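In my numbering, the protein residues as written are 1391 to 1618.
From the three backbone atoms N, C-alpha and C, an ideal C-beta is built for every residue, glycine too.
Since the model is a prediction, treat every value here as computed from it, not as a measurement.
Working notes, structure below.
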Amino acid sequence: MEMVKEIGLHKSLSLGKPSYLSKDRGPLLGQGILSSSVPIWSHQRKIIAPEFFPDKVKIIVDEDLRSLSADIISRACFGSNYSKGEEIFSKLKALQMAMAKTYIGIPGMRYLPSKNNREIWKLEKEIDSLILSVVNHRTEEATHGKDLLQMILDSAETYDDYKGLSKERFIVDNCKNMYFAGYETTATTLSWTLMLLAASPDWQARVVLRCLKLVKMDFFRMLMHLET
1391 MEMVKEIGLH KSLSLGKPSY LSKDRGPLLG QGILSSSVPI WSHQRKIIAP
1441 EFFPDKVKII VDEDLRSLSA DIISRACFGS NYSKGEEIFS KLKALQMAMA
1491 KTYIGIPGMR YLPSKNNREI WKLEKEIDSL ILSVVNHRTE EATHGKDLLQ
1541 MILDSAETYD DYKGLSKERF IVDNCKNMYF AGYETTATTL SWTLMLLAAS
1591 PDWQARVVLR CLKLVKMDFF RMLMHLET
């Protein structure tokens, strides 16, 4: 045991790398840090190691979280039509960005045909059209999915026009509201999950094992397992 410890701590570099790494695996690895021995390995490590310090390997996951949140809420809202839902979400985010450029508090500015206002009007029409196309498709197919859109459609059955707000407007506007409410809560939940996992290495390991077990199952068994 002491000999193994001695070799691992003090003499591993002098043992060198297996010759097959540089010979048999030469075309694949060359004389990179994985296959080279001292002194080439030491020289390469001094150059490469600083680039892998924690402050340099941090990954910005904002866009990944946004993408995952959009996928989750698209499936929750539109079920089997989630691909259309992702397109709607993309345009809603673009609309949100365009509206952030408007001059808040200046009366009448939103009515002027400026470039930004025209973009807002265009996106609004496209979003409404996309939502209504999904609604019409579901109505024509006479399908009843277990998603938020179906809940809104079921609610609309008993809806009467109120103060000029039509049933169509009720459906479209509440789809938009559900999107933003669902997106924010989903994104917040994902962010907290990552933070808690980062603070708990034991739970990280358990989650990884769980994911590996699920991935090894066949597709249908995995879906049934996730539903439970």
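I need the straight-line Cα distance from His1527 to Asn1471, nearest angstrom please.
10 Å
With distances taken from CA atoms, which of Ile1561, Trp1593 and Ala1460 is nearest Gly1572?
Ala1460
Per DSSP, which one or two residues make a beta bridge with Leu1539?
Bridge partners of Leu1539: none, in fact.
Mapping the DSSP letters down to three states, classify Leu1458 as helix, strand or coil.
helix
Counting only runs that start and end within the segment 1463-1531, where is the alpha helix (DSSP H) found for 4 or more residues in a row?
1472-1489 and 1505-1531
Does the distance from the C-beta atom of Leu1520 to that of Met1568 stay below 9 Å?
Not a contact, by the Cβ cut-off of 9 Å.
Going by beta-carbon coordinates alone, are Ala1577 and Ile1561 separated by less than 9 Å?
Their beta carbons are not under 9 Å apart, which means Ala1577 does not touch Ile1561 by this criterion.
What are the uninterrupted segments assigned as alpha helix (DSSP H) that are 4 or more residues long and contained completely in the segment 1557-1607, given in chain order?
1557-1589 and 1591-1606
Could you give the C-beta distance for Glu1516 and Lys1481, rounded to a whole number, given that I count them as a contact under 8 Å?
6 Å
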